[in-house]
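Before any comments, here is the structure.
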Amino acid sequence: MATKDLSQYDISSVPSAESMQFGIVVAEWNFDITSALANGAISTLKKHGAQENNILLKYVPGSFELPLGAQYFAEMENVDAVILLGCVIQGETRHFDYICQGVTKGTVDLNLKYNKPFVFGILTTNNEQQAIDRAGGKHGNKGDEAAVTAIKMVHLKNSFLS
177 MATKDLSQYD ISSVPSAESM QFGIVVAEWN FDITSALANG AISTLKKHGA QENNILLKYV
237 PGSFELPLGA QYFAEMENVD AVILLGCVIQ GETRHFDYIC QGVTKGTVDL NLKYNKPFVF
297 GILTTNNEQQ AIDRAGGKHG NKGDEAAVTA IKMVHLKNSF LS
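In this note's numbering, the protein residues as written are 177 to 338.
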C-alpha cells in the first residue's frame with residue numbers, strides 16, 4: 177500500500193519545462209478519477225514552466241486504448257513526452273489483469289519504439305476509494321508524479337543530445 181504523498185517532491189530537483197511539449201492522453205472510463213489526474217498533471221507542468229499551448233490533451237474511451245492514443249501523439253504531433261492517465265479498479269473477474277497487463281506492455285513498447293518518454297500514469301487499485309486517495313486525495317495526485325517524471329525524462333534525453 178502506498179503511503180507516500182504522490183504530490184510531494186523536491187521542487188528544486190525538477191528542471192524547467194519551458195521549452196518542452198507534452199501530450200496527455202486520458203481515459204474516459206472512471207472519468208471523475210482520470211480528469212483529476214489530468215488536472216494534476218497540467219497544473220504541475222505549468223508550475224514548472226510548460227506553456228499552455230505546449231500541452232496537448234486528448235481522450236480515449238478506456239485505459240486499454242491509452243497506448244494507441246499515445247502512439248497517435250508520437251506519430252502525429254511534435255511532442256517531447258506523452259503522459260498516459262487512466263484508472264483501472266479491480267472487479268470480480270480477471271478483466272482487471274488483462275487490461276493492466278496490456279496497458280503496461282503497450283507503454284513499455286512505445287518507450288522503446290519511439291525513443292521518447294511515455295509516462296505510465298495509470299492507477300491500478302483494489303477499490304474506488306484507493307483511486308480517489310491517489311487522484312488528489314490523501315496520497316496526493318498520480319498526475320503530479322507523472323508530469324514530474326515526464327519533465328525529468330525529457331531533460332535526461334536532452335542531456336545526451338547536448
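No residue lacks a Cβ here, since even glycine has one placed at the ideal position from N, Cα and C. All of these numbers come straight from a predicted model, not from anything done at the bench.
| query | result |
| --- | --- |
| Where residue 202 sits in the DSSP three-state scheme | strand |
| Where residue 185 sits in the DSSP three-state scheme | coil |
| Span of the alpha helix (DSSP H), counted from its first residue to its last, around residue 262 | Taken as a continuous stretch (DSSP letters only), residue 262 belongs to no alpha helix (DSSP H), being part of the beta strand (DSSP E) at 257-265. |
| Strand pairing of residue 317, partner residues [DSSP] | 311 |
| Extent of the continuous beta strand (DSSP E) run through residue 245 | Element bounds for residue 245: not the beta strand (DSSP E) but the alpha helix (DSSP H), 242-252. |
| Reduced DSSP secondary structure (H/G/I, E/B, other) of residue 234 | strand |
| Span of the beta strand (DSSP E) around residue 216 | Per DSSP, residue 216 belongs to no beta strand (DSSP E); it is in the alpha helix (DSSP H), 207-223. |
| Separation of residue 223 from residue 186, as counted between CA atoms | 13 Å |
| Whole-angstrom distance between residue 299 and residue 310, CA atom to CA atom | 8 Å |
| Check whether residue 319 and residue 213 have beta carbons under 8 Å apart | yes |
| Inter-stretch contact at 8 Å, needing at least 3 Cβ pairs: the stretch 196-210 / the stretch 225-240 | yes |
| Buried/exposed call for residue 317, threshold 16 Cβ in 10 Å | buried |
| Length of the line joining the Cα atoms of residue 194 and residue 200 | 16 Å |
| Proximity winner among 314, 256, 270, relative to residue 328 (alpha-carbon distances) | 256 |
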